[in-house]
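Asker: The following block contains the structure, expressed as structure tokens.
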Amino acid sequence: MFQAKAYSAASATSPLAPTQIPRRDTTERDVQIEILFCGICHSDLHQVRNEWSGILPTVYPIVPGHEIVGRVTRVGADVTRFKLGDMVGVGCMVDSDHTCPSCQADVEQFCPNATFTYNSPDKYLGGVTYGGYSECIVVEEKFVLRVPASLDPAGVAPLLCAGITTYSPMRRWGDLRGKKVGVVGLGGLGHMGVKFARAFGARVAVFTTSPRKKEDALRLGAHEVIISTNAEVMQQHAGTFDFILDTIAAEHDINAYLRMLGLDGTLTLVGAPETPFQVSAFALLFGRKRLSGSLIGGIRETQEMLDFCGKHNITADVEVIPIQRVNEAYERLAKSDVKYRFSIDMASLKSE
Ligand code: NAP
Ligand code: ZN
Numbered sequence: 533m534f535q536a537k538a539y540s541a542a543s544a545t546s547p548l549a550p551t552q553i554p555r556r557d558t559t560e561r562d563v564q565i566e567i568l569f570c571g572i573c574h575s576d577l578h579q580v581r582n583e584w585s586g587i588l589p590t591v592y593p594i595v596p597g598h599e600i601v602g603r604v605t606r607v608g609a610d611v612t613r614f615k616l617g618d619m620v621g622v623g624c625m626v627d628s629d630h631t632c633p634s635c636q637a638d639v640e641q642f643c644p645n646a647t648f649t650y651n652s653p654d655k656y657l658g659g660v661t662y663g664g665y666s667e668c669i670v671v672e673e674k675f676v677l678r679v680p681a682s683l684d685p686a687g688v689a690p691l692l693c694a695g696i697t698t699y700s701p702m703r704r705w706g707d708l709r710g711k712k713v714g715v716v717g718l719g720g721l722g723h724m725g726v727k728f729a730r731a732f733g734a735r736v737a738v739f740t741t742s743p744r745k746k747e748d749a750l751r752l753g754a755h756e757v758i759i760s761t762n763a764e765v766m767q768q769h770a771g772t773f774d775f776i777l778d779t780i781a782a783e784h785d786i787n788a789y790l791r792m793l794g795l796d797g798t799l800t801l802v803g804a805p806e807t808p809f810q811v812s813a814f815a816l817l818f819g820r821k822r823l824s825g826s827l828i829g830g831i832r833e834t835q836e837m838l839d840f841c842g843k844h845n846i847t848a849d850v851e852v853i854p855i856q857r858v859n860e861a862y863e864r865l866a867k868s869d870v871k872y873r874f875s876i877d878m879a880s881l882k883s884e
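What follows is the structure, given as structure tokens:
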């Protein structure tokens with residue numbers, strides 16, 4: 533075991549502050565990574581503030597961060613896929629049991645014994661796992677992803693969560709070419725959803741509560757922008773969508789978006805407000821509509837997504853910040869004021 537620099541929060545109302553955390557010594561199956569960039573996901577904010585207390589209570593201190601990009605600095609004796617200096621990524625998971633039906637089906641995110649990157653029982657050191665707001669991390673080889681060399685690492689980091697979370701449900705829906713796809717909420721997930729939907733050949737509309745984001749939405753690839761607070765405009769689009777991805781991080785009226793779907797349309801939730809939704813049966817019955825959810829993606833699919841991004845030159849649009857500005861970034865994220873993902877330059881941690 534050794535000590536590493538990190539940023540942690542001591543309680544739901546404490547700011548993130550510099551600290552030291554333990555990391556395990558590299559076992560024969562592990563890869564040790566110097567973290568270069570870590571994205572800030574709204575899930576980090578939810579968990580730092582214990583906003584999922586009923587479902588996934590936060591254990592303090594918490595070191596968030598599950599959009600990790602870095603360089604390999606050490607490999608265990610049995611590691612075959614990575615060598616020193618490789619550019620790699622780590623997302624929301626660092627381990628699973630490898631044997632359950634979910635692991636066998638390459639959907640390790642549903643393994644009952646999955647270890648998430650932070651706030652998850654740590655089977656090596658006890659306590660809970662610590663995430664990517666840190667100078668380094670030690671991860672089992674299977675959960676380490678190859679990052680295409682052509683892509684900017686600061687913009688790659690958010691692909692490890694925002695990227696796979698939007699890529700996976702769209703891929704699962706099927707061939708989106710020529711289909712009408714709606715992306716609800718233009719934040720970290722939403723802006724990746726727009727890029728992927730466009731890359732998959734869909735006709736893309738963004739639903740936003742922020743009229744100021746209209747130009748950006750079009751630049752990111754949307755064909756049209758719908759201001760969701762305007763009931764008249766919403767009415768004009770009712771019944772026209774094949775697929776809608778809802779990325780909203782807060783409580784909202786989901787029926788308003790179910791009404792946008794056409795016959796056999798699907799609305800997939802990826803946003804994770806803790807409060808339950810009120811769903812109107814009639815909003816689903818008429819039009820035989822489907823409401824579903826999706827959670828990140830398995831390791832195989834995450835690699836497929838990264839390779840797709842390498843081929844199509846897709847990265848997140850990021851505001852790069854030093855770790856010292858992380859609390860300010862959280863305040864802005866809570867106000868939907870980010871273009872469109874914060875990516876922490878971890879070199880800034882060296883001065884702590
Ligand atoms: P984000 O960057 O804050 O984006 C969320 C967007 O939702 C905002 O930019 C805003 O877009 C819209 N929004 C926020 N509050 C709203 C409200 N009260 N009413 C209507 N719209 C609102 O967050 P993110 O990082 O993309 O994450 C979004 C959600 O997905 C979070 O709940 C996060 O925990 C969850 N998540 C889930 C998974 C998964 O595997 N399912 C993975 C990662 C994250 P506009 O300004 O355009 O309206
Ligand atoms: Zn995330």
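In terms of the numbering used here, the sequence shown opens at residue 533 and continues consecutively. Using N, Cα and C, we set each Cβ at its ideal position, and we do this for glycine too. Keep in mind the model is a prediction, meaning the values are calculated, not measured.
So F648 and I876 are in contact, right, with Cβ under 8 Å, and what is the actual spacing, rounded?
Answerer: Here residue 648 refers to the residue found at position 116 of the sequence shown. Here residue 876 refers to the residue found at position 344 of the sequence shown. Incorrect: roughly 19 Å between the Cβ atoms, too far for contact.
Asker: Taking 8 Å as the cut-off, does the CB of S575 come closer than this to any heavy atom belonging to the ligand ZN?
Answerer: Sequence index remark: in the sequence shown, residue 575 carries index 43 (1-based). Checking every heavy atom of the ligand ZN against the Cβ of S575, one is found closer than 8 Å.
Asker: Answer yes or no: do K871 and D748 have a C-beta to C-beta separation smaller than 9 Å?
Answerer: Residue 871 sits at position 339 when you count from the first residue of the sequence shown. Residue 748 sits at position 216 when you count from the first residue of the sequence shown. The answer is yes: Cβ separation under 9 Å.
Asker: DSSP three-state label for T551, please.
Answerer: Here residue 551 corresponds to residue number 19 of the sequence shown, with the count starting at 1. Annotated three-state conformation of T551 is strand, per DSSP.
Asker: Identify the continuous alpha helix (DSSP H) that holds G687 and give its terminal residues.
Answerer: For this step, residue 687 is matched to residue 155 along the sequence shown. Looking at the DSSP string, the run of the alpha helix (DSSP H) that includes G687 is P685 to V688.
Asker: Report whether the distance from the Cβ of T697 to the nearest heavy atom of the ligand ZN is below 8 Å.
Answerer: The sequence position of residue 697 within the sequence shown is 165, counting from 1. True, at least one ligand heavy atom lies under 8 Å from that Cβ.
Asker: Which residue's Cα is closest to the Cα of G706: A541, E884, T559 and G733?
Answerer: In the sequence shown, the residue the question calls residue 706 occupies position 174. Ranking the options by Cα distance to G706, first place goes to G733.
Asker: Between V736, R709 and K712, which has its C-alpha nearest G722's C-alpha?
Answerer: Numbered from its first residue, the sequence shown carries residue 722 at position 190. Measuring from the Cα of G722, the nearest candidate turns out to be V736.
Asker: Does DSSP classify S666 as helix, strand or coil?
Answerer: Position 134 of the sequence shown, counting from 1, holds the residue named residue 666. Of the three classes helix, strand and coil, the one that applies to S666 here is strand, per DSSP.
Asker: I think V670 touches R556, with their Cβ atoms under 8 Å apart; what is that distance to the nearest whole Å?
Answerer: For the purposes of this step, residue 670 is identified with residue 138 of the sequence shown, where counting begins at 1. For the purposes of this step, residue 556 is identified with residue 24 of the sequence shown, where counting begins at 1. With 8 Å as the limit, V670 and R556 qualify as a contact, their Cβ atoms being about 5 Å apart.
Asker: Exposed or buried, which one is N582 when buried takes at least 16 other CB atoms within 10 Å?
Answerer: As a working mapping, residue 582 is identified with position 50 in the sequence shown. It is buried - the Cβ of N582 has at least 16 other Cβ atoms within 10 Å.
Asker: If you run the structure through DSSP and keep just helix, strand and coil, what is I831?
Answerer: Counted from its first residue, the sequence shown places residue 831 at position 299. Looking at I831 - three-state DSSP - the assignment turns out to be helix.
Asker: Would you call the region 608 to 622 and the region 572 to 587 in contact, with 3 or more CB pairs under 8 Å?
Answerer: no
Asker: When DSSP builds the beta bridges, which residues end up paired with G571?
Answerer: The count along the sequence shown starts at 1 and reaches residue 571 at position 39. In the DSSP output, where bridge partners are listed per residue, G571 has S875.
Asker: If we ignore side chains and look at the alpha-carbon of each, how far apart do E756 and L750 end up?
Answerer: Reading the sequence shown from its first residue, position 224 is the one you call residue 756. Reading the sequence shown from its first residue, position 218 is the one you call residue 750. Distance between E756 and L750, taken at the CA atoms: about 7 Å.
Asker: Leaving out five residues on either side along the sequence, give the residues of the same chain with a beta carbon under 6 Å from the beta carbon of G803.
Answerer: Taking the sequence shown and counting its residues from 1, one reaches residue 803 at position 271. For G803, where only same-chain residues beyond five positions count, the Cβ hits under 6 Å are D778, T779, I780 and A781.
Asker: Straight-line CA distance for R561 to V676?
Answerer: Against the sequence shown, residue 561 aligns to sequence position 29. Against the sequence shown, residue 676 aligns to sequence position 144. So the two alpha carbons sit approximately 11 Å from each other.
Asker: Here's a check: name, in chain order, each residue in its chain whose Cβ is nearer than 6 Å to the Cβ of N787, leaving out the five neighbours to either side.
Answerer: Translated into the one-based positions of the sequence shown, residue 787 becomes position 255. Taking C-beta separations shorter than 6 Å and ignoring five residues to either side along the sequence, the partners of N787 in its chain run S812 and A815, following chain order.
Asker: With DSSP collapsed to three states, give me the class of P653.
Answerer: Within the sequence shown, the letter at position 121 stands for residue 653. If DSSP states are grouped into helix, strand and coil, P653 belongs with the strands.
Asker: Measuring from the CB of G722, is there a heavy atom of the ligand NAP at a distance below 8 Å?
Answerer: Translated into the one-based positions of the sequence shown, residue 722 becomes position 190. G722 Cβ: within cutoff of the ligand NAP.
Asker: Consider the C-beta atom of G663 and the heavy atoms of the ligand NAP; say whether any pair is separated by less than 8 Å.
Answerer: For the purposes of this step, residue 663 is identified with residue 131 of the sequence shown, where counting begins at 1. Checking the Cβ of G663 against the ligand NAP gives no.
Asker: Q552 to R791, Cα distance in whole Å?
Answerer: Position 20 of the sequence shown holds residue 552. Position 259 of the sequence shown holds residue 791. Annotation: Q552 to R791 spans about 50 Å, alpha carbon to alpha carbon.
Asker: By Cβ distance below 6 Å, which residues in the same chain neighbour G885 in space, the five residues on each side in sequence not counted?
Answerer: Residue 885 lies beyond the stretch modelled for the chain, which goes from 533 to 884, so this question has no answer here.
Asker: Taking only the alpha-carbon atoms, compute the straight-line gap between V858 and D796 and give it to the nearest angstrom.
Answerer: One-based indexing of the sequence shown puts residue 858 at position 326. One-based indexing of the sequence shown puts residue 796 at position 264. Roughly 43 Å between the two C-alpha positions.
Asker: Quick one: Cα of G794 to Cα of L708, how far?
Answerer: Within the sequence shown, numbered from 1, the residue matching residue 794 stands at position 262. Within the sequence shown, numbered from 1, the residue matching residue 708 stands at position 176. Whole-angstrom Cα-Cα distance: 15 Å.
Asker: Would you report the Cα separation of A686 and V852, rounded to the nearest angstrom?
Answerer: Here residue 686 refers to the residue found at position 154 of the sequence shown. Here residue 852 refers to the residue found at position 320 of the sequence shown. A686 and V852: Cα-Cα distance of roughly 7 Å.
Asker: Can you tell which of A689, P680, V620 and L752 has its C-alpha closest to the C-alpha of V563?
Answerer: Against the sequence shown, residue 563 aligns to sequence position 31. V620 is the residue among A689, P680, V620 and L752 whose C-alpha sits nearest the C-alpha of V563.
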